[in-house]
Amino acid sequence: MCDVLRAEQLTVRRGTEVLFQALDFELQPGQMTWLRGANGSGKTSLLRVVAGLAQADSGRLLWGGVPLSQAEDYRAKLTYLGHANGLKDDLTAMESLEFLTALHGRPYRPERLRAALGHMGVAHRRTLPVRWLSQGQRRRVALARLALQTADAPGLWVLDEPFDALDDAGVACVQGLLVQHVQRGGAVLFTSHIPVAPPGIALQTLQTLQLPGTTGAGKA
Amino acid sequence: MNACWIILQRDVRLASRRPSDALMPVVFFVVTASLFPLGVGPEPATLRQIAPGIVWVCALLSSMLSLNTLYAGDYSDGSLEQMLTSNTHPVAVAGAKAVSHWLLSGLPLILASPVLGLLFDLPPSQIALLVASLALGTPTLSLLGSLGAALTLGLRNAALLILLIVLPLSIPVLIFGAGAVASYAVGLPSDGHFYLLGALLLLSALGAPVATAAALRISV
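Each protein sequence line maps, in turn, to chains U and Y.
Quick note: the first sequence uses the working numbering, first residue 4, plus one each step.
Quick note: the second sequence uses the working numbering, first residue 1134, plus one each step.
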């Protein structure tokens, strides 16, 4: 089980425009949270704040009751996947995945990496430079990081459009990973433009604002 | 510390995948320095006198050459986000990137400089001093340069801005680096120049990674 991430009165602006304000939510272990909102409503900004890449203009985030900046184990527990896949064009799929997992302090043996790429259906492409892979295949390589964590202590996954560029089989595969992660006591915060309906999972929906400058953000 | 080593290893591997890009700075260094005898004239006494200054100016310019790609690639493909959301402190990430810049563009200059010394007919004792001054000065250039690269991340005209930010800061290194060899050549002690180069290196090693990490936090 991972700790609870609690957001209190979170406000984020872009320039003078208020993206969302006084947003309260909790990411519980064993719970999946679908962040919804129109284009430009601040979903990515909120994910970046949760990942610690950006600062909120006001409000605070607590990890197990401790502010994020002082929570020492937060980064070790966090898996963030943004719009960009974080893969280098000149490295092979295998090398890219190896670098990312080692960087995050979770090195795995090559067999594990290969198995994770296999789970995502890209094992046959593992020795090709990332530059030769299609968008969907790159996304699958980046998402293989999730498939690697099936035996680790579950943490918090923050995923920005994880189903982007994936085909139906890929979407089903990633949904399976999310469900498995949540059932093991992990927490997930993600955005998606396709409907997600995992069976038997508590799905919390969080809505960012549709109209800039108005209040009313909160749980739907 | 471990993550620093992983980032370094990856950068060296990436450079080995694109040898033509990696060799650019040292080729630029040798080619521009060897143009001077053609422009200034073949008088050996004149060349010997201006050699330290020429080698140092060319070293300064060629270490600027690869700066705008230092963070830009990692920024656009999402690798930088991954580094900053990992458990590694941003200051350690900035330090590792500065070391990798020095390894890939500073160290080759030091290794190539004896050839230029011979080209300008410098005596062996002065060539040794030239190498020593570059060995002490180029790490400072990489540290200051990575600060400039982080500050201009994601901006248009980044290459020009880096020059405008970093060149004024590097002038002391240029003065004391070239001055060390020049003062030895006229029979004065050069210890003072080396102490000052060492002091500049210590100062930038302590300050630049912290400032670079702060700049990365704003830019990413």
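Built from N, CA and C at the ideal position, the CB exists for glycine as well.
Chain U within 7 Å of residue i, Cβ atoms only
i, result
"Ala1353/Y", "Before going on, a small fix: residue 1353/Y reads as Val here, not Ala. By this cut-off, Val1353/Y is an interface position."
"Asp1154/Y", "no"
"Leu1349/Y", "no"
"Arg1143/Y", "yes"
"Asn1220/Y", "yes"
"Ser1212/Y", "yes"
For residue j and residue i, believed in contact at Cβ under 8 Å, the rounded distance
i, j, result
"Thr194/U", "Leu38/U", "5 Å"
"Leu81/U", "Gly189/U", "Incorrect: roughly 11 Å between the Cβ atoms, too far for contact."
"Trp160/U", "Val191/U", "5 Å"
"Val15/U", "Asp60/U", "6 Å"
"Tyr1204/Y", "Ala1315/Y", "In fact, because the Cβ distance is near 35 Å, the residues do not count as touching under 8 Å."
"Ser48/U", "Arg78/U", "The Cβ separation is near 20 Å, so there is no contact."
Given residue i as reference, the closest of the options once Cα atoms are compared
i, options, result
"Leu1252/Y", "Arg1151/Y, Pro1158/Y, Ala1341/Y and Glu1176/Y", "Glu1176/Y"
"Leu13/U", "Leu65/U, Gly40/U, Gln207/U and Gln34/U", "Leu65/U"
"Ile1243/Y", "Ala1229/Y, Val1224/Y and Leu1267/Y", "Leu1267/Y"
"Leu180/U", "Pro198/U, Ile197/U, Asn42/U and Arg148/U", "Arg148/U"
"Phe1309/Y", "Gly1174/Y, Leu1193/Y and Ser1153/Y", "Leu1193/Y"
"Thr1285/Y", "Gly1340/Y, Ser1195/Y, Tyr1208/Y and Leu1217/Y", "Tyr1208/Y"
"Pro1305/Y", "Ala1292/Y, Ala1318/Y and Leu1336/Y", "Leu1336/Y"
"Ile1298/Y", "Gly1312/Y, Ala1313/Y, Ser1279/Y and Leu1307/Y", "Ser1279/Y"
"Thr1202/Y", "Val1188/Y, Asn1290/Y and Ala1311/Y", "Asn1290/Y"
Short CB-CB distance (under 7 Å) between residue i and chain Y
i, result
"Val7/U", "no"
"Phe102/U", "yes"
"Leu214/U", "Caution applies to Leu214/U, whose pLDDT of 43 falls short of 50 and renders its modelled position unreliable; the value that the coordinates give is listed next. Answer no: the Cβ-Cβ gap between Leu214/U and chain Y never drops below 7 Å."
"Arg115/U", "no"
"His107/U", "yes"
"Asp93/U", "yes"
"Ala54/U", "yes"
"Asn42/U", "no"
"Arg63/U", "no"
"Ala87/U", "yes"
"Arg129/U", "no"
"Arg134/U", "no"
"Glu77/U", "The question names Glu, yet the displayed sequence has Tyr at residue 77/U. Taking Cβ atoms only, chain Y never reaches closer than 7 Å to Tyr77/U, which makes this a no."
"Gln207/U", "no"
"Gly219/U", "Summary for Gly219/U: the model assigns pLDDT 42, below 50, so the residue's position carries little reliability; its value from the coordinates is reported in the next sentence. Answer no: the Cβ-Cβ gap between Gly219/U and chain Y never drops below 7 Å."
"Ala223/U", "Any answer about Ala223/U is weak, because its pLDDT of 38 lies below 50 and its placement is not dependable; what the coordinates show is given next. No, no contact with chain Y."
Beta carbon of residue i nearer than 7 Å to that of residue j
i, j, result
"Leu1274/Y", "Ser1303/Y", "yes"
"Leu1329/Y", "Gly1270/Y", "no"
"Ser1238/Y", "Pro1342/Y", "no"
"Ala105/U", "Gln138/U", "no"
"Pro1223/Y", "Leu1349/Y", "yes"
"Pro201/U", "Val182/U", "yes"
"Ala150/U", "Ala175/U", "no"
"Ala1229/Y", "Thr1345/Y", "no"
"Ala205/U", "Gln73/U", "no"
"Leu1255/Y", "Ala1184/Y", "yes"
"Ala57/U", "Gly1211/Y", "no"
"Gly67/U", "Asp6/U", "yes"
(message) Which runs of the beta strand (DSSP E) at least 3 residues long sit entirely within the segment 48 to 88 of chain U? Give them in chain order.
(response) Contiguous beta strand (DSSP E) elements confined to the segment 48 to 88 of chain U occur at 61 to 66 and 81 to 84, taking only those with 3 or more residues.
(request) For the segment 1224 to 1306 of chain Y, list the alpha helix (DSSP H) runs that are entirely contained and at least 4 residues long, ordered along the chain. (result) Within the segment 1224 to 1306 of chain Y, the runs of alpha helix (DSSP H) that reach at least 4 residues and sit entirely inside it are, in chain order, 1240 to 1252 and 1257 to 1284.
(message) Please give me, in chain order, every unbroken run of the alpha helix (DSSP H) with length at least 4 that falls completely inside the segment 1146 to 1233 of chain Y.
(response) Within the segment 1146 to 1233 of chain Y, the alpha helix (DSSP H) runs of at least 4 residues that lie entirely inside it are, in chain order, 1152 to 1173, 1177 to 1198, 1205 to 1209 and 1212 to 1218.
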